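> Residue 46 is where the sequence shown starts when you use my numbering, and the numbers rise one by one after that.
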Amino acid sequence: HPLRGFNFRNGPVPYYSLLERYEPGVSPFFTWGLPAGLVSRIEKYPLDLTYMKSHLRQYQIFGAKYFLQQRKALLGDEMGLGKTIQALAAVADLTAKGRTHFLVVCPASVLINWKRETEKHSEINAIIVHGHDKEQQLWLWKREGGLCITNYETLLKVESAINFKYGALIVDEAHFVKNPLAQRTVATLKAAKKTDRVLFMTGTPLENRVDEMCFLTECLRPDIAKKLRAMKTLNRTQKFKEKIAPVYLRRIRNDVLEELPELIEKEDWIKPSSQEINAYRLAVISGNFMAMRRVSWDVALHRSSKAKRLAEICNEAQANDRKVLVFSFFRGTLDLVCKLLKNRALGPITGSTPASQRQRLIDQFTAEGTEKVLVSQIQAGGTGLNIQAASVIIICEPQVKPSLETQAISRAYRMGQIQNVIVHRLLCVGTIDERMNEMLKRKQLEFDTYADESLVGQESLKKHSESAWIKRFIEEERVRIAGSMWQSGHDEQKSDESGTVEPIR
46 HPLRGFNFRN GPVPYYSLLE RYEPGVSPFF TWGLPAGLVS RIEKYPLDLT
96 YMKSHLRQYQ IFGAKYFLQQ RKALLGDEMG LGKTIQALAA VADLTAKGRT
146 HFLVVCPASV LINWKRETEK HSEINAIIVH GHDKEQQLWL WKREGGLCIT
196 NYETLLKVES AINFKYGALI VDEAHFVKNP LAQRTVATLK AAKKTDRVLF
246 MTGTPLENRV DEMCFLTECL RPDIAKKLRA MKTLNRTQKF KEKIAPVYLR
296 RIRNDVLEEL PELIEKEDWI KPSSQEINAY RLAVISGNFM AMRRVSWDVA
346 LHRSSKAKRL AEICNEAQAN DRKVLVFSFF RGTLDLVCKL LKNRALGPIT
396 GSTPASQRQR LIDQFTAEGT EKVLVSQIQA GGTGLNIQAA SVIIICEPQV
446 KPSLETQAIS RAYRMGQIQN VIVHRLLCVG TIDERMNEML KRKQLEFDTY
496 ADESLVGQES LKKHSESAWI KRFIEEERVR IAGSMWQSGH DEQKSDESGT
546 VEPIR
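1. Can you give me the start and stop residues for the alpha helix (DSSP H) that W159 sits inside?
2. With 16 as the cutoff for other CB atoms within 10 Å, does K353 come out buried or exposed?
3. My output table needs one value for H469: the three-state DSSP class, helix, strand or coil.
4. From L370, S455, H220, pick the residue whose C-alpha is nearest to that of Y197; which is it?
5. Could you tell me which residues DSSP puts in a beta bridge with S421?
6. Can the beta-carbon of I358 be found closer than 8 Å to that of V437?
7. So, for R266: in the same chain, excluding its five sequence neighbours on each side, which residues have a beta-carbon less than 8 Å away from its beta-carbon?
8. If we count the other Cβ atoms within 10 Å of its Cβ and call it buried at 16 or more, is D217 buried or exposed?
9. Is F245 helix, strand or coil when you go by DSSP?
10. Could you give the DSSP three-state label for T415: helix, strand or coil?
11. Please give the ranges of any beta strand (DSSP E) in the region 168–246, keeping only runs that are unbroken, at least 3 residues long and fully inside the region.
12. I'd like the list of long-range same chain contacts for H509, defined as Cβ closer than 7 Å, with 5 residues on each side in sequence excluded.
13. In terms of DSSP beta bridges, what is M97 paired with?
14. Using a Cβ-Cβ cutoff of less than 8 Å, which residues in the same chain neighbour N170 once the five nearest sequence positions on both sides are dropped?
15. Considering only their Cβ atoms, is the gap separating R405 from I394 smaller than 8 Å?
16. Using 8 Å as the threshold, is the C-beta distance between G121 and T247 below it?
17. Quick one: residues in its chain with C-beta nearer than 6 Å to the C-beta of E413, no 5 flanking neighbours on either side, listed in chain order?
18. Candidates I207, K235, L94: which alpha carbon is nearest L167's?
19. Kindly indicate which residue of E204, K239, R242, A213 has the alpha-carbon position closest to the one of A232.
20. Specify, as a first and last residue, the run of the beta strand (DSSP E) that K446 falls within.
21. DSSP puts Y293 in a beta bridge; with which residues?
22. For the 8 Å Cβ check, are there 3 or more pairs between the region 124–142 and the region 155–163?
23. Is the CB-CB distance between K417 and K368 below 8 Å?
24. Does the distance from the CB of S349 to the CB of Q422 come in under 8 Å?
25. Can you give the Cα-Cα distance for R86 and L370, rounded to whole angstroms?
26. Assuming contact is defined by CB atoms lying nearer than 8 Å, are V174 and I157 in contact in what I supplied?
27. Quick one: grab the DSSP three-state call for E504.
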């Protein structure tokens, strides 16, 4: 049976993918009003997924085929619909057909995410080119092939060394290159000249951003950009769709996901800066477990890698008319989040916030626009509140108990929610975040395994003595940071850190 071994609760995509195969034809919603002739050509593309590990939804298969057929494309799917896996499917197809080298350019905050997603979903070799050893990693990519993953700032320094024609360029968060005079835009466009296939990706809707849409389109298809500039307005009229169809594909959740709203859980792995590493080392040496958990929030706000990623998520959510809920265990972290978000922040809700005031904050959050972000302590806002207005949840650090996170997520992902809910867990590589994230998964698996035998489950969870594993984690981290790995980590990012947090819009 094609689905033998799959667990629907842990991953429903294989089931939905199989069901969709029995639907006659292609859903018109997958194709966003594209002309029938274009849809037919795209559908006929022979997509080879030999190098993919994961199942794709039919709309994702169409998106990969769209790029491969058109060669130059702007994929603008709403956040949470899987733009990354569509890009990987295209790379897998090209790999199966003999192409060997591919380039991804993205913000520094998602470099590690790209590598992990590549390894999770495909058999494609992934190499991050960033930091003090970027030249060595670039040489390795040239020799071994696969996916070279770099950020915009590093591309400025290594673009000239990419002196050969490669399989495809994927530009994630393409709105970062909307300014034609910016150096990163110039470097990205130079890199684009060395390949026949270029995919721009952005979750930010561009239909009503005339200048951005025209410039990004001009980078890919100057002929189409010329037609767009001749139009007085850009909107979702049929005429606009016809003009933009050969280069721009955007689907929203309500178009392509017909089942109940989905819970999408994402691990946002972030590489800490040298300042963050230094602060973390001091916390480990002093045996301060709580300070270790606050990694990335014990440095200047403009140097915080997690703050930078949080700002990016909030900006993208607002652009997609989604409301954000931010959780942290630590009051100090919440204060920094509020400082970062400025007048966009509501709260924080803490254990000392009176019930009446909590409800007023939630009512205000529900009534106001998507620019507002509700900030709460996870142990305070994680229970007893209904916040279906939020569809994006950010958890600033791993919690000690999986139930804390589950209860917090359930504030938004509950009866009455009409949008898919996206959960972002902010995690720093090479820190206690890794160990705690592994432990949470193990605890959750044990709970799921024994869910129908509550007494057995309770006994199993009791085996994890909190004080014992905290002591063990601290000792193991002390040993680890004493090694050569942490010495090299201390020197990383001296030349490649952007050092700035994306402004809150």
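The C-beta atom is built at its ideal place from N, Cα and C for all residues, glycine as well. No experiment lies behind these values; they were computed from the predicted model shown.
Straight from the coordinates:
1. 156–166
2. buried
3. strand
4. H220
5. F372, I394
6. yes
7. K117, P291, V292
8. buried
9. strand
10. coil
11. 171–174, 191–196, 213–217, 243–246
12. Per-residue confidence for H509 stands at a pLDDT of 48, beneath the threshold of 50, marking its modelled position as unreliable; the derived number appears in the next sentence. Cβ within range, chain order: K488.
13. S167
14. E189, G190, G191, L192
15. no
16. yes
17. none
18. Residue 167 is actually Ser in this sequence, not Leu. Of the candidates I207, K235, L94, the one whose C-alpha sits nearest the C-alpha of S167 is L94.
19. E204
20. Where K446 is concerned, there is no enclosing beta strand (DSSP E), given that its DSSP letter is neither H nor E.
21. L119
22. yes
23. yes
24. no
25. 42 Å
26. no
27. Only weak support exists for where E504 lies, its pLDDT of 38 falling under 50; the value from the coordinates is given anyway. It is helical.
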